[in-house]
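Number of protein chains: 2
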Amino acid sequence: MKLTDKSFAEGILFTDMYQLTMAHLYFRMGLHEKTAQFDHFFRSYPDYGPHKAGYCINAGLEWLIDWMQEAHFGDREIEFLRQQTGSTGQRLFGDDFLAWLRQHGNFGGLTLRAVPEGRVVHPNVPLTAVQGPLAMAQILETPLLNMLNYPTLIATRAARISHAGRGQLMMEFGMRRGQERGVNAGARAALIGGADFTSNTGISGVLGYDPKGTHAHSLVQLFMALGEGELAAFRAYADVYPDDCLLLVDTINTLESGLPNAIIVFDELKRKGHKPIGIRLDSGDLAYLAVQSAKILNAAGYPEVSIVLSNQLDELAILQILAQIRDEAPRSGLDADHVSKRLVYGVGTSLITSAGDAALDGVYKLVAVQEPDGWVPAIKISENPAKMPNPGHKTVWRVYDERGLATADLLTLDDENPAEMNPLVLQHPVDSRISRTLAGTAVSHIEPLLTTVWQEGKLAYELPTLEQIRQRRRADIERLDSGVRRLIMPHIYHVSLSPKLWRLKQSLIENFRKS
Amino acid sequence: MKLTDKSFAEGILFTDMYQLTMAHLYFRMGLHEKTAQFDHFFRSYPDYGPHKAGYCINAGLEWLIDWMQEAHFGDREIEFLRQQTGSTGQRLFGDDFLAWLRQHGNFGGLTLRAVPEGRVVHPNVPLTAVQGPLAMAQILETPLLNMLNYPTLIATRAARISHAGRGQLMMEFGMRRGQERGVNAGARAALIGGADFTSNTGISGVLGYDPKGTHAHSLVQLFMALGEGELAAFRAYADVYPDDCLLLVDTINTLESGLPNAIIVFDELKRKGHKPIGIRLDSGDLAYLAVQSAKILNAAGYPEVSIVLSNQLDELAILQILAQIRDEAPRSGLDADHVSKRLVYGVGTSLITSAGDAALDGVYKLVAVQEPDGWVPAIKISENPAKMPNPGHKTVWRVYDERGLATADLLTLDDENPAEMNPLVLQHPVDSRISRTLAGTAVSHIEPLLTTVWQEGKLAYELPTLEQIRQRRRADIERLDSGVRRLIMPHIYHVSLSPKLWRLKQSLIENFRKS
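Going line by line, the protein sequences match chains A and B. At position 151 of the first sequence the residue is numbered 151 (the numbering used here), and the sequence of numbers has no breaks. Heads up: take any position in the second sequence, counting from 1, add 1000, and you land on the numbering used here.
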């Protein structure tokens, strides 16, 4: 795509066509500037099979705000809409609507309350509440979902992979396997969720991180084609990067060629006063090869160099590798912990695509409309009660138990304050028979989750640094019960309604059924 | 991301860091301008489980070329690399290398031969052969894979979904579920592979297609919240779009509310001389609801309006829906074909993410280096013979049998011409015992697959229009054996080597083993 086309394709028309046809209809009906509230939330955790996620990490907000600040209807956008015709050749959009869009078609009238990036989040909890003129809030639906769903999916996967790796360094390597330019958002989300670095050079520069990487098989192949071989390739690498020498040892044969050659080069470096960094294994039985490599490296006097693993890693592969190392290391006379603690993980496809469940089902639903005498709740009736969005102008709280662990997220109407409810009653969102009552002593802290980030078209929030976002993720994950945090068959975290919100929902459903 | 950062993150540093550290090493060794050939190919078809793909549709080339035309090392890129330091704080990249990059760090010296977009392609066949100075060919690896892997994956999935829908209109609706800006590349690839339209407004504008879409549940919800209800929402829609009236009928209850209300509005439209377009079903048992809706619409005098299906569709869901309609339509007194032929498919998540196998495993391998006396083949030894890339400076042909159907793709060395080989011997790429001999009479046509698209830094190819690319895809799919084309358990298409290329590969392996 040419650059001029790119700015068009990624501008305000980066939305689904039906948002525009609906906005036009609202305009025609005089409803376009009516104040509405849309809630953005996801319905279920990423489901990779037996290892369904038990929590998500919220991500994407900053770049959404950046986009909202720039997006507007310029001449080219208006002209494109002017040319849109229906089945009989008549124009779809009237000139009066286009004139309104040209003048008012930006996000200046909206207010967003949102859960900050890096926070642990759960299904059916509003992560973003958008409030403002109906037409523009409607047009925002697609870009908002596009820019929040994917980062949240990837930050979540990164948190899981990092958890499996027990805090060892983890690098995002998936640029070549992701969805074109989307990999930049993926790399940022991976850093939020648990990756420590990415190989993606440009985005590292933007985010202020050092891009990471060493060399590929092609370096060794090149030297082989030139009649020189793996050792010459390693020597060349060590010559150019004597203090950053990390060698990919599996181009020919890991244990018979790559590792012995690497040790020759490491010895040469050591004699010159440099400290070798490590080796990378990118094929074969990674657990077996890690143990054998560790043994050989120890014997050669390199018990400290890193062993980087890559090739089809995800949280289960890492769990399996660590389990196998616990079994195999002692048989090779090694301490399993010592082997595990020198590992570094390079994770590609599984992370950048969230392989196994490649999309988060985030939705954006109309929940209330403002009338002169207050907010009128909106509801979508569904034959499946679990799919009925929670209606009304509302807000969200996180309740911590006496251990200081998060025990439930609570949705209330906007004028309720759970700190004043004692005992605190947590109503199941669907099943009327299920509720939970927490005595005041069982609650250590109640925290509002939504922050006003964008008010009347302006940033109303100090954007945290990526490091602060990462810190928030670590803190939130530590406050999860270990049953919720675990990778396989996690406990279900409670997302509840206040009794007042629950009664509102029920009365809307009953009123509807009677009508 | 701010726009200035975006141009940096999507410029020439849109690559993996190790490409740059390797390029620097080549520079240091005086190898950076040595001419090399890298082949881009994928190793296996997308594997969704029992319905593994039997062919792929090549896509992405035009946007890769657009990117190559713009990408270069400007001041900001050079400054960023200057700041990169290694483990002991020393700079990673020398000033002489950075000066070289500033002056020569673009793709002006490369030549690309490629399979055109829209063509059917198979594993291990070079889809792009990149030839030119080693350093820049190396830096191109990541962006090339990024910009070709994903579009090919999506064009392939679109072809399958379109095939399942038996030529009925199919629309791409997945913008909110894909990887951020990558959805634009996904929408284009979907159009190449078989989608007829996309809901993505901006990219439709860029590509010259009409964006498609009607309305969401929120329109009905809004009117309900305002105390007016579904019928009022439908009437508003019909007022604004009398000749494009397509109504989403499942917000409340499809058969009891949505459809009766739609018919009231259709009748009103008809009295005013307008022709209603159709209904959309987005939940529930789509096959059952399609049959019941068709029956009700027929009885109301609307046997021609479309029934758009959406909600979690993919090729298997569509197969199942059509099978169920074949069973259920006659029981409702309907002709199953008449029901099927009024269906339109709106496909979201499964298409834009290629759910089930969310990445194509395309790779980019050094296959030859040019020395004064000719091309020297490069090989990567692997314990798994199927993973050894086919070496050498070579090219690709497609062989058509006496029925005019594609029967094999043949890789030969560049100086071979299979038209001169009679009989034609097709050697299995791995197993020496398997070869196939085609007499001259069994071959109707042999076609070279690679075209020079980029030569010495300039476009050397008339870029086809999207419609021409779509036409090419249709023509290529028609020339596939139906066993290869089928959705479930397809036949394996043959990708073979010429005996000369096969012997070269074997001799390289043997030489290597002896050394």
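In this text, a Cβ means the ideal position worked out from N, Cα and C, and glycines have one as well.
#### Entry: the segment 1222-1238 of chain B touching the segment 1487-1502 of chain B, judged by at least three CB pairs closer than 8 Å
no
### Proximity test, Cβ basis, 8 Å: PHE1014 (chain B) and chain A
Here residue 1014 (chain B) corresponds to residue number 14 of the second sequence, with the count starting at 1. So, interface residue.
### Task
Measure the Cβ-Cβ separation of ARG1479 (chain B) and LEU1410 (chain B) and say whether it is below 8 Å.
Numbered from its first residue, the second sequence carries residue 1479 (chain B) at position 479. Numbered from its first residue, the second sequence carries residue 1410 (chain B) at position 410. No, the Cβ-Cβ distance between ARG1479 (chain B) and LEU1410 (chain B) is not below 8 Å.
### Query
Which word fits LEU1394 (chain B), buried or exposed, when buried means at least 16 other C-beta atoms lie within 10 angstroms of its C-beta?
Here the question's residue 1394 (chain B) lines up with position 394 in the second sequence. For clarity, residue 1394 (chain B) is Lys in the given sequence; the question names Leu instead. With 16 or more other Cβ atoms within 10 Å, it is buried.
### Query
If we count the other Cβ atoms within 10 Å of its Cβ and call it buried at 16 or more, is MET489 (chain A) buried or exposed?
Position 489 of the first sequence, counted from the first residue, corresponds to residue 489 (chain A). It counts as exposed.
### Task
Compare the Cα-Cα distances from ASP1481 (chain B) to each of B:VAL1425, B:ARG1403, B:HIS1445 and report the closest residue.
Taking the first residue of the second sequence as position 1, residue 1481 (chain B) is located at position 481. Comparing Cα positions, the closest option is B:ARG1403.
#### Entry: Proximity of THR451 (chain A) and PRO116 (chain A) at Cβ, strictly below 8 Å
Here residue 451 (chain A) is taken as the residue at index 451 of the first sequence, counted from 1. Here residue 116 (chain A) is taken as the residue at index 116 of the first sequence, counted from 1. Against a cut-off of 8 Å, the Cβ pair of PRO116 (chain A) and THR451 (chain A) comes out as a contact.
### Message
To the nearest angstrom, how far is the alpha carbon of GLY1108 (chain B) from that of THR1085 (chain B)?
### Response
As a first step, residue 1108 (chain B) is located in the second sequence; it is residue number 108 there, counting from the start. As a first step, residue 1085 (chain B) is located in the second sequence; it is residue number 85 there, counting from the start. When rounded, the distance between both Cα atoms is 29 Å.
### Nonlocal neighbours in the same chain, by C-beta distance under 7 Å from PRO423 (chain A), ignoring five residues either side
As a working mapping, residue 423 (chain A) is identified with position 423 in the first sequence. Excluding positions up to five away in sequence, the list reads THR437, LEU438, ALA439, GLY440.
### Task
Would you decide whether ILE1492 (chain B) is buried or exposed? Buried here means 16 or more other CB atoms lie within 10 Å of its CB.
Walking along the second sequence from the start, residue 1492 (chain B) turns up at place 492. Under this definition ILE1492 (chain B) is an exposed residue.
#### Entry: chain A within 8 Å of SER1218 (chain B), Cβ atoms only
Numbered from 1 along the second sequence, position 218 holds the residue referred to as residue 1218 (chain B). Output row for SER1218 (chain B): interface = yes.
### Message
Using only CA atoms, which one of B:ALA1114, B:ASP1095, B:LEU1013, B:ASP1361 lies nearest to TRP1397 (chain B)?
### Response
Stepping through the second sequence from its first residue, residue 1397 (chain B) is reached at position 397. Of B:ALA1114, B:ASP1095, B:LEU1013, B:ASP1361, the residue nearest in Cα terms is B:ALA1114.
### Task
Give the straight-line distance between the Cα atoms of GLY1167 (chain B) and ASP1244 (chain B), rounded to the nearest whole angstrom.
Position 167 of the second sequence, counted from the start, is the residue given in the question as residue 1167 (chain B). Position 244 of the second sequence, counted from the start, is the residue given in the question as residue 1244 (chain B). Using only the alpha carbons, I get a separation of about 22 Å.
### Message
I want to see whether chain A comes within less than 8 Å of TYR952 (chain B), judged by CB atoms only; does it?
### Response
One cannot answer for residue 952 (chain B) here, as it falls past the ends of chain B, which runs 1001 to 1515.
#### Entry: Stretch-stretch touch, CB-based, cutoff 8 Å, three pairs: the segment 124-143 of chain A with the segment 284-298 of chain A
no
### Task
Taking only beta carbons into account, state which residues of the segment 1262-1292 of chain B come closer than 9 Å to chain A, listed in chain order.
HIS1274, LYS1275, ILE1277, SER1283, GLY1284
### Task
Determine, using beta carbons only, whether ILE203 (chain A) and ASN184 (chain A) come nearer to each other than 8 Å.
What you label residue 203 (chain A) is simply residue 203 of the first sequence in a count that begins at 1. What you label residue 184 (chain A) is simply residue 184 of the first sequence in a count that begins at 1. Cβ distance < 8 Å, so ILE203 (chain A) and ASN184 (chain A) count as in contact.
#### Entry: Per-residue DSSP class, three states only, for ASP325 (chain A)
In the first sequence, residue 325 (chain A) corresponds to position 325, counting from 1. For clarity, residue 325 (chain A) is Ile in the given sequence; the question names Asp instead. DSSP places ILE325 (chain A) in helix when its eight states are reduced to three.
### Query
What in chain A is Cβ-close to GLY1182 (chain B), meaning under 8 Å?
The count along the second sequence starts at 1 and reaches residue 1182 (chain B) at position 182. What GLY1182 (chain B) touches in chain A: GLY178, GLN179, GLU180, ARG181, GLY182, VAL183.
### Message
Any beta carbon from chain B within less than 8 Å of PRO211 (chain A)'s own beta carbon?
### Response
As a position in the first sequence, residue 211 (chain A) is number 211, starting the count at 1. Yes, PRO211 (chain A) counts as interfacial toward chain B.
### Message
At the 8 Å Cβ level, is LEU1497 (chain B) part of the contact set with chain D, yes or no?
### Response
In summary, chain D is missing from the structure at hand, where the protein chains are A and B.
### Query
Between VAL1130 (chain B) and chain A, is there a C-beta pair that is closer than 8 Å?
Sequence index remark: in the second sequence, residue 1130 (chain B) carries index 130 (1-based). So, not an interface residue.
### Task
Ignoring anything shorter than 4 residues or poking outside the segment 1098-1139 of chain B, list the alpha helix (DSSP H) runs there in chain order.
1134-1139
### Message
Does chain B have any CB closer than 8 Å to the CB of ASN511 (chain A)?
### Response
The count along the first sequence starts at 1 and reaches residue 511 (chain A) at position 511. Taking Cβ atoms only, chain B never reaches closer than 8 Å to ASN511 (chain A), which makes this a no.
### Query
Can you name, in chain order, every residue of its own chain whose Cβ lies under 8 Å from the Cβ of ARG235 (chain A), other than the five neighbours on each side?
Counted from its first residue, the first sequence places residue 235 (chain A) at position 235. Within the same chain, ARG235 (chain A) has close Cβ partners VAL265, GLU268.
### Message
Any C-beta of chain A within less than 7 Å: which residues of the segment 1103-1118 of chain B qualify?
### Response
none
### Query
With C-beta atoms as the reference, is VAL206 (chain A) less than 8 Å away from PHE1008 (chain B)?
To locate residue 206 (chain A), count along the first sequence from 1; it is residue 206. To locate residue 1008 (chain B), count along the second sequence from 1; it is residue 8. Yes, they are a contact pair.
### Task
Determine the extent of the alpha helix (DSSP H) in which ASP1267 (chain B) is found, giving its start and end residues.
Translated into positions along the second sequence, residue 1267 (chain B) becomes position 267. Unbroken alpha helix (DSSP H) run through ASP1267 (chain B): 1259-1271.
### Query
According to DSSP, which residues form a beta bridge with THR395 (chain A)?
Start at 1 with the first residue of the first sequence, and residue 395 (chain A) comes out as number 395. DSSP lists A:THR412 as partners of THR395 (chain A).
### Query
Is SER1507 (chain B) buried or exposed, if buried means 16 or more other CB atoms sit within 10 Å of its CB?
Translated into positions along the second sequence, residue 1507 (chain B) becomes position 507. Result: exposed.
### Query
Is THR170 (chain A) close to chain B, meaning its C-beta is less than 8 Å from at least one C-beta of that chain?
Position 170 of the first sequence, counted from the start, is the residue given in the question as residue 170 (chain A). In the sequence under discussion, the amino acid at residue 170 (chain A) is Met, which differs from the Thr named in the question. Cβ-Cβ to chain B under 8 Å: no for MET170 (chain A).
### Query
Which full runs of the beta strand (DSSP E) of 3+ residues lie inside the segment 1404-1473 of chain B, going along the chain?
1406-1413, 1424-1427, 1435-1438, 1443-1448, 1451-1455
### Interface flag, VAL376 (chain A) vs chain B, CB-CB below 8 Å
Numbered from its first residue, the first sequence carries residue 376 (chain A) at position 376. Taking Cβ atoms only, chain B reaches closer than 8 Å to VAL376 (chain A), which makes this a yes.
### Task
Please go through the segment 1322-1394 of chain B and give each complete beta strand (DSSP E) segment of 3 or more residues, from N-terminal end onward.
1343-1347, 1362-1371, 1374-1377
### Query
List, in order along the chain, the chain A residues whose C-beta lies closer than 9 Å to that of THR1142 (chain B)?
Position 142 of the second sequence, counted from the start, is the residue given in the question as residue 1142 (chain B). Ordered by position in chain A, the residues that pass the 9 Å Cβ test against THR1142 (chain B) are MET175, ARG176, SER199, ASN200, THR201.
### Message
In the DSSP output, which residue or residues are listed as bridge partners for MET175 (chain A)?
### Response
On the first sequence, position 175 is the one that residue 175 (chain A) refers to. BP columns for MET175 (chain A) are empty, so no partner.
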